[in-house]
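When the sequence shown is numbered by the numbering used here, its final residue is 351 and no position is left out of the sequence of numbers. We put the CB at the ideal spot given by N, CA and C, even for glycine.
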Amino acid sequence: GLLGLGAGVLISAIIDETPFPKDFAILFTIGFTMMIPSAIALFMLREPAPEGKTEDPALARKIGLFEPLKKDPMFRQLMLCRTLIAAGGLATSFYVGHATKQMGLPDAVVGQFVIAQTAGTMIGAAVFSFVAERFGPRFAIRLGSIAGAAAPLAALALHIAGGSLAPIYPLVYLFVGLVNAAWMPGFTNYALEIPPKGRRSAYIGLGNTLLSVMTFAPLAGGWLLEATSYHVLFGVTVAVVASGFLAAMRLRPVEQAGQVREQAR
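Here it is as structure tokens:
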């Protein structure tokens, strides 16, 4: 987290003092160099052998890979919520372009965005972890979904207000950092706690596979922006992510998972 804050200052300095495209070449080189130790550390990890009985792949094939989606209402509701909130990616890739091209901010403002997003992630990690521990993961999901809708809503408000409020644009990235911090204590913990015994891997694998379709959200956002305007892009994103908040409000407590599955049979 603290390194992320320092990286924002470094990015601003490089972009501000180095002409394009040399500035981005320097940033990409630094980023690549910093990733090497991380990759080496990952290769050195050794996963301990699982204790007790492991899941039988043949059983998963027999039951059906999509069985959790068909038979478990809580899993369906979670995936609906995750997908709608992940739709915030429709607009996320275009905030920098909007800030610099439409709001008149300098390219070096990217460093401020990195600092704001890092700060949001640090704050969110502390807050959402406490909320999930104290009240359960669904409350962390609800708070995260509010932050997810707040990011495009703030961008839309700044777009309507014009350049006078441009200096507070990093607020958008603060909200982006907050919603990113909600995934682990909120969505991931919820997904880990609702599966029946012996089916956790199937639930997590299916959930991640279904959510992978949202990697195309920036492409859809780019098409929407090209066909319409920033007003429409940000407005649609707010509406979709706000629908995710409504879906989050219908999430049941994880303690009711078994009971809900029995009622659905």
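(request) Could you tell me how far apart the beta carbons of residue 281 and residue 199 are, in whole angstroms, since I believe they sit closer than 8 Å? (result) Taking the first residue of the sequence shown as position 1, residue 281 is located at position 195. Taking the first residue of the sequence shown as position 1, residue 199 is located at position 113. Not really, about 37 Å apart at Cβ, beyond 8 Å.
(request) Provide the residue span of the alpha helix (DSSP H) that contains residue 195, from first to last. (result) As a position in the sequence shown, residue 195 is number 109, starting the count at 1. 195 to 221 is the extent of the alpha helix (DSSP H) around residue 195.
(request) Compare the Cα-Cα distances from residue 236 to each of 177, 296, 99 and 250 and report the closest residue. (result) For the purposes of this step, residue 236 is identified with residue 150 of the sequence shown, where counting begins at 1. Out of 177, 296, 99 and 250, 177 has the C-alpha closest to the C-alpha of residue 236.
(request) Taking only the alpha-carbon atoms, compute the straight-line gap between residue 259 and residue 203 and give it to the nearest angstrom. (result) Along the sequence shown, one-based indexing puts residue 259 at 173. Along the sequence shown, one-based indexing puts residue 203 at 117. Each residue's Cα considered, the two are about 5 Å apart.
(message) For a test of the three-state rule: what should DSSP assign to residue 152, helix, strand or coil?
(response) On the sequence shown, residue 152 is found 66 positions in, with the first residue counted as 1. Of the three classes helix, strand and coil, the one that applies to residue 152 here is coil, per DSSP.
(message) Using C-beta distances below 7 Å, list every residue in its chain close to residue 249, excluding the 5 sequence neighbours before and after it, in chain order.
(response) Here residue 249 refers to the residue found at position 163 of the sequence shown. Result list for residue 249: 189 and 190, in chain order.
(message) Rounded to whole angstroms, what is the Cα-Cα separation between residue 182 and residue 223?
(response) In the sequence shown, counting from the first residue as 1, residue 182 sits at position 96. In the sequence shown, counting from the first residue as 1, residue 223 sits at position 137. If I take the Cα positions, the gap works out to 31 Å.
(message) Here's a check: name, in chain order, each residue in its chain whose Cβ is nearer than 6 Å to the Cβ of residue 264, leaving out the five neighbours to either side.
(response) Looking up residue 264 in the sequence shown gives position 178. Around residue 264: 206, 210 and 233.
(message) Just to confirm before moving on: does the CB-CB distance between residue 166 and residue 333 stay below 9 Å?
(response) The sequence position of residue 166 within the sequence shown is 80, counting from 1. The sequence position of residue 333 within the sequence shown is 247, counting from 1. Cβ distance < 9 Å, so residue 166 and residue 333 count as in contact.
(request) Alpha carbon to alpha carbon, how far is residue 130 from residue 320? Give it in angstroms, no decimals. (result) Taking the sequence shown and counting its residues from 1, one reaches residue 320 at position 234. Taking the sequence shown and counting its residues from 1, one reaches residue 130 at position 44. Distance between the alpha carbons of residue 320 and residue 130: 43 Å.
(request) Could you work out which residue in 241, 298 and 277 is closest to residue 254 when comparing CA atoms only? (result) Taking the first residue of the sequence shown as position 1, residue 254 is located at position 168. Of 241, 298 and 277, the residue nearest in Cα terms is 241.
(message) Tell me the DSSP secondary structure of residue 157 in three-state form.
(response) Along the sequence shown, one-based indexing puts residue 157 at 71. In the structure shown, residue 157 sits in a helix (DSSP, three-state: H, G or I).
(message) What would DSSP say about residue 232, mapped onto helix, strand or coil?
(response) Residue 232 sits at position 146 when you count from the first residue of the sequence shown. The answer is helix: DSSP assigns residue 232 an H, G or I state.
(request) List the whole-angstrom C-beta distance separating residue 337 from residue 171, where the pair is believed to meet the contact cut-off of C-beta under 8 Å. (result) Start at 1 with the first residue of the sequence shown, and residue 337 comes out as number 251. Start at 1 with the first residue of the sequence shown, and residue 171 comes out as number 85. Between residue 171 and residue 337 the Cβ distance is about 12 Å, and since that is not below 8 Å, they are no contact.
(message) Pop quiz: residue 318 and residue 279 are said to be a contact at Cβ under 8 Å. What is the actual Cβ separation, rounded to whole angstroms?
(response) By 1-based counting over the sequence shown, the position of residue 318 is 232. By 1-based counting over the sequence shown, the position of residue 279 is 193. The Cβ separation is near 38 Å, so there is no contact.
(request) Using three-state DSSP, classify residue 268 as helix, strand or coil. (result) By one-based count along the sequence shown, residue 268 stands at place 182. Coil, per DSSP.
(message) Assuming contact is defined by CB atoms lying nearer than 9 Å, are residue 161 and residue 277 in contact in what I supplied?
(response) Your numbering for residue 161 matches position 75 in the sequence shown. Your numbering for residue 277 matches position 191 in the sequence shown. Cβ distance < 9 Å, so residue 161 and residue 277 count as in contact.
(message) Does residue 354 pass the burial test, meaning 16 or more other C-beta atoms within 10 Å, or should it be called exposed?
(response) Nothing about residue 354 can be reported from this structure: the residues present for the chain run from 87 to 351 only.
(request) Under 7 Å Cβ to Cβ from residue 346, same chain only, skipping five residues before and after it: list those, please. (result) Position 260 of the sequence shown, counting from 1, holds the residue named residue 346. Closer than 7 Å at Cβ, skipping near neighbours: 159, 160 and 338.
(request) Return the chain-ordered list of same chain residues with a C-beta closer than 7 Å to the C-beta of residue 217, the five sequence neighbours on each side being excluded. (result) Stepping through the sequence shown from its first residue, residue 217 is reached at position 131. Within the same chain, residue 217 has close Cβ partners 225, 226 and 229.
(message) So, under 8 Å CB-CB, residue 238 and residue 324 are touching, yes? Tell me the CB distance rounded to an integer number of Å.
(response) The count along the sequence shown starts at 1 and reaches residue 238 at position 152. The count along the sequence shown starts at 1 and reaches residue 324 at position 238. At roughly 5 Å, the Cβ-Cβ gap stays under 8 Å, so residue 238 and residue 324 are in contact.
(message) Nearest by alpha-carbon distance to residue 304: which of 173, 214 and 271 is it?
(response) Within the sequence shown, residue 304 is the residue found at index 218, counting from 1. Nearest of 173, 214 and 271 to residue 304, Cα basis: 173.
(message) Quick check on this structure: which residue in 151, 120 and 108 has the alpha carbon closest to the alpha carbon of residue 295?
(response) Translated into the one-based positions of the sequence shown, residue 295 becomes position 209. For the residues 151, 120 and 108, the minimum Cα distance to residue 295 belongs to 151.
(request) Taking 9 Å as the cut-off, decide whether the C-beta atoms of residue 180 and residue 308 are in contact. (result) Taking the sequence shown and counting its residues from 1, one reaches residue 180 at position 94. Taking the sequence shown and counting its residues from 1, one reaches residue 308 at position 222. Closer than 9 Å, so yes.
(message) Using 9 Å as the threshold, is the C-beta distance between residue 168 and residue 297 below it?
(response) Here residue 168 is taken as the residue at index 82 of the sequence shown, counted from 1. Here residue 297 is taken as the residue at index 211 of the sequence shown, counted from 1. Yes; because the gap between Cβ atoms is below 9 Å, this pair is in contact.
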